[in-house]
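Engineer:
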Amino acid sequence: MAGHSKWANIQHRKGRQDAARSKLFSKLSKEITVAAKMGDPDPEKNPRLRLAVKEAKSNSVPKDVIDRAIKKSQAGDGDDYEEIRYEGYGPGGVAVIVEAMTDNRNRTASTVRSTFSKHGGNLGETGSVGFMFERKGEITYPASVGDEDSVMMAAIEAGAEDVESDEDSHVIYCADTDLNEVSTALESALGESEHTKLVWKPTTTTELDLEGVQKLMRLIEVLEDDDDVQRVTANLELTDEVAAQLDA
């Protein structure tokens with residue numbers, strides 16, 4: 001999935017920074033509140049909360065915002081949130097998974113469905129595209145932590161399954177159930193990661209031309225703008241040629 005990191009980098013660079021940051025803080029805070037509500041409010045005793053806090057810190061969420069999100073869970077906030085996954089096809093037949101956390105299932109379903117329709121896609125049933133992805137743990141380090149071989153060795157020793165390295169980063173994958181354990185072991189070997197999260201990793205990918213990629217990016221941007229949507233994943237394989245055109 002070499003195209004995956006190119007896609008992520010271009011998405012990040014084209015993000016509307018301030019608005020995007022505010023929304024990201026809100027979504028990360030919601031995940032922390034729900035994780036703390038579902039388990040222990042101490043991150044050391046709650047793996048999901050530990051990972052949520054770690055991801056928030058790596059995105060520069062201030063400590064007081066993290067603490068406030070944990071306290072909210074004890075005050076009863078997060079009781080009504082429900083995690084829902086939507087699946088469908090975007091422009092050009094690209095498979096799209098939308099992960100949402102909502103207190104109103106009908107509102108979220110209606111918004112997601114209409115967004116797909118307006119942007120050249122269509123929402124399918126649960127499972128309609130899920131078979132094209134695997135649930136994995138993903139841990140990202142900057143390229144500067146070491147060369148490909150040394151990072152690969154550290155990943156194998158930590159119990160990871162795969163490493164994808166390019167000039168910008170090392171992306172380490174592990175079984176979803178091993179993410180807490182593997183990320184902790186990697187911290188000892190390589191230091192603090194840039195990102196540690198559960199992802200849907202495509203097992204098959206789809207290439208699009210420039211126009212198709214631009215349409216897909218618009219669909220994803222609108223979906224991600226919705227407060228109920230936590231994450232959007234697509235099985236786009238971005239070719240070098242189209243990546244260069246997007247960068248231009």
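Start counting the sequence shown at 1; every next residue gets the next number (my numbering). Beta carbons are placed, not taken as given, at the ideal position from N, Cα and C, and that holds for glycine.
(1) Looking at V145 and F116, is the spacing between their C-beta atoms short of 9 angstroms?
(2) How would you label D245, buried or exposed, when you count the other beta carbons within 10 angstroms and need 16 or more for buried?
(3) Check the C-beta distance from V171 over to T140 and give it rounded, since I have them as a contact under 8 angstroms.
(4) Using the C-alpha atoms, what's the distance from E87 back to T233?
(5) For V94, which of helix, strand or coil comes out of DSSP?
(6) In angstroms with no decimal places, state the Cα-to-Cα distance between L198 and N180.
(7) In the DSSP assignment, the alpha helix (DSSP H) including K268 goes from what residue to what residue?
(8) Helix, strand or coil: how does DSSP classify E161 here?
(9) Name the DSSP bridge partner or partners of P202?
(10) If the criterion is Cβ atoms closer than 9 angstroms, does the pair D162 and A154 meet it?
(11) Round the Cβ separation of M101 and D240 to the nearest angstrom and send it over; I've been treating them as touching at under 8 angstroms.
(12) How close, in whole Å, do the beta carbons of S193 and S58 come, if the pair is a contact with beta carbons under 8 angstroms?
(13) Short of 8 angstroms in beta carbon distance, which residues of its chain neighbour T206, apart from the five on each side in sequence? Order them along the chain.
(14) Output yes or no for whether 9 angstroms exceeds the beta carbon distance between A35 and L51.
(15) Which partner residues does E87 have in the DSSP bridge list?
(16) DSSP on L236, reduced to helix/strand/coil?
(17) Where does T126 land, buried or exposed, given buried means 16+ other C-beta within 10 angstroms?
(18) Using only the alpha-carbon positions, how far apart do Q230 and D149 sit?
(19) Can you have a look at E55 and say buried or exposed, based on whether 16 or more other CB atoms are within 10 angstroms of its CB?
(20) With DSSP run on the structure shown, which of helix, strand or coil describes A175?
Structural biologist: Short version:
(1) no
(2) Checking the sequence shown, residue 245 turns out to be Gln, not Asp. Label assigned to Q245: exposed.
(3) 5 angstroms
(4) 10 angstroms
(5) coil
(6) 10 angstroms
(7) Look at the range of the chain in this structure, 1 to 248, and you will see that residue 268 is not part of it.
(8) coil
(9) F133
(10) Their beta carbons are not under 9 angstroms apart, which means D162 does not touch A154 by this criterion.
(11) Actually they do not touch by this definition, with Cβ atoms about 35 angstroms apart.
(12) Yes, they are in contact, since the Cβ atoms of S193 and S58 sit about 7 angstroms apart, within 8 angstroms.
(13) G92, G93, V94, A95, N235, L236 and E237
(14) yes
(15) I97
(16) strand
(17) exposed
(18) Taking the straight line joining both Cα atoms gives about 34 angstroms.
(19) buried
(20) Here A175 sits in strand by DSSP.
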